[in-house]
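Heads up: the structure comes next, in structure tokens.
Numbering (the numbering used here), first residue to last: 2 to 270.
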């Protein structure tokens, strides 16, 4: 077929197709115009989950899907536990990466990390899960030193670099007492150590002074006794939910802990 015959054929096809485009409400000029962009969707709420001393980010594995199923974005950070300041900075970087409101959730030592790292304006609420919530100029050691040492503290094993871990017997008996033994044993083998000095690091400005706080109180906790948690929660004026779990209630009672986080999300301003 000659070149001029091809050109005639293409022109004929274009003319024939024009009425069809017009009938469909899409003229040739409209087809070439990009669609008008609608309003940008509102940023979603993000729950930033902060683990404790002898655990890691995977300890939130049963909470994460429950929150995601409700349309909440989830970030589970990994702390280094070499200093409170560094761990707070890890939390702050995670917050800075979010576009919308953030709910900070801290388990155990992670409560100190969110207390120190939660002053960003994006943080709309704090959730403490069987946690420590130090005040200004206060460390975890400052909080617990007036009281007799917990039985679990006899299981602390230091290494040559000054890091502390829990021996297996103490881990099973106190830390993960509310979990099946086989599961608790796996957790004990993968626990992350904490540098001993971290427990002496003091909070500079406690975020709970200016942020609404919620507390998932573990009624059978062998690490942070329920009465101690109740006193902490009262001091920071947290909304308390008592859960019939131990220190690892985030794994043994994920539905109940997730409900506390969702409550915080629902009441964001």
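Every residue gets a Cβ at the ideal spot worked out from N, C-alpha and C, and that includes glycine. Quick caveat, the model's predicted, so the values are computed rather than measured.
Item: Residues bridged to residue 216 (per DSSP); Value: 129, 241
Item: Residues bridged to residue 103 (per DSSP); Value: 47, 124
Item: Residue span of the beta strand (DSSP E) that contains residue 77, given as start and end; Value: 74–77
Item: Three-way DSSP call (helix, strand, coil) for residue 198 in this model; Value: helix
Item: Helix, strand or coil at residue 167 [DSSP, three-state]; Value: strand
Item: Integer-rounded CB distance, given that residue 128 should sit under 8 Å from residue 106; Value: 4 Å
Item: Helix, strand or coil at residue 186 according to DSSP, with G and I counted as helix; Value: helix
Item: Where residue 258 falls: helix, strand or coil (DSSP); Value: helix
Item: Which residues DSSP lists as bridging residue 157, in chain order; Value: 167
Item: Residues bridged to residue 108 [DSSP beta-bridge criterion]; Value: 130
Item: Nearest neighbour of residue 188, chosen from 198, 177, 248, 195 [CA to CA]; Value: 177
Item: Identity of the residue in 103, 170, 116, 197 nearest residue 161 by Cα; Value: 197
Item: Assumed close pair residue 63, residue 181 - CB separation to whole angstroms, cut-off 8 Å; Value: With a Cβ gap of about 13 Å, residue 63 and residue 181 do not count as contacting.
Item: Which of helix, strand or coil DSSP assigns to residue 191; Value: coil
Item: Assigned exposure category for residue 212 - 16 Cβ within 10 Å defines buried; Value: buried
Item: Residues near residue 72 by beta carbon distance below 7 Å, same chain, minus five either side; Value: 45
Item: Residues of its chain near residue 117, where Cβ-Cβ distance is below 7 Å and the 5 sequence neighbours each way are ignored; Value: 85, 89, 204, 205
Item: Cα-Cα separation between residue 248 and residue 233, rounded to whole angstroms; Value: 16 Å
Item: Close-in-space but distant-in-sequence residues of the same chain around residue 237 (CB under 6 Å, 5 per side omitted); Value: 134, 209, 214
Item: Of the residues 146, 174, 141, 143, the one placed nearest residue 156, counting alpha carbons only; Value: 174
Item: Contact belief for residue 227 with residue 235 at Cβ below 8 Å, rounded distance in angstroms; Value: No, residue 227 and residue 235 are not in contact; Cβ-Cβ is about 13 Å, not under 8 Å.
Item: Sub-9 Å separation of residue 217 and residue 186 beta-carbons; Value: no
Item: For residue 53, the nearest candidate out of 109, 184, 147 (CA to CA); Value: 109
Item: Cβ-Cβ distance between residue 266 and residue 126 below 9 Å; Value: yes
Item: Helix, strand or coil at residue 247 [DSSP, three-state]; Value: coil
Item: Span separating the alpha-carbon of residue 190 from that of residue 169; Value: 8 Å
Item: Straight-line gap, residue 200 to residue 262 (C-alpha atoms, nearest Å); Value: 26 Å
Item: Buried versus exposed call for residue 303 [16 or more other C-beta atoms within 10 Å across all chains shown]; Value: An answer regarding residue 303 cannot be provided, because it is not within the stretch 2 to 270 covered by the chain.
Item: Short Cβ contact (9 Å threshold) for residue 65 with residue 104; Value: no
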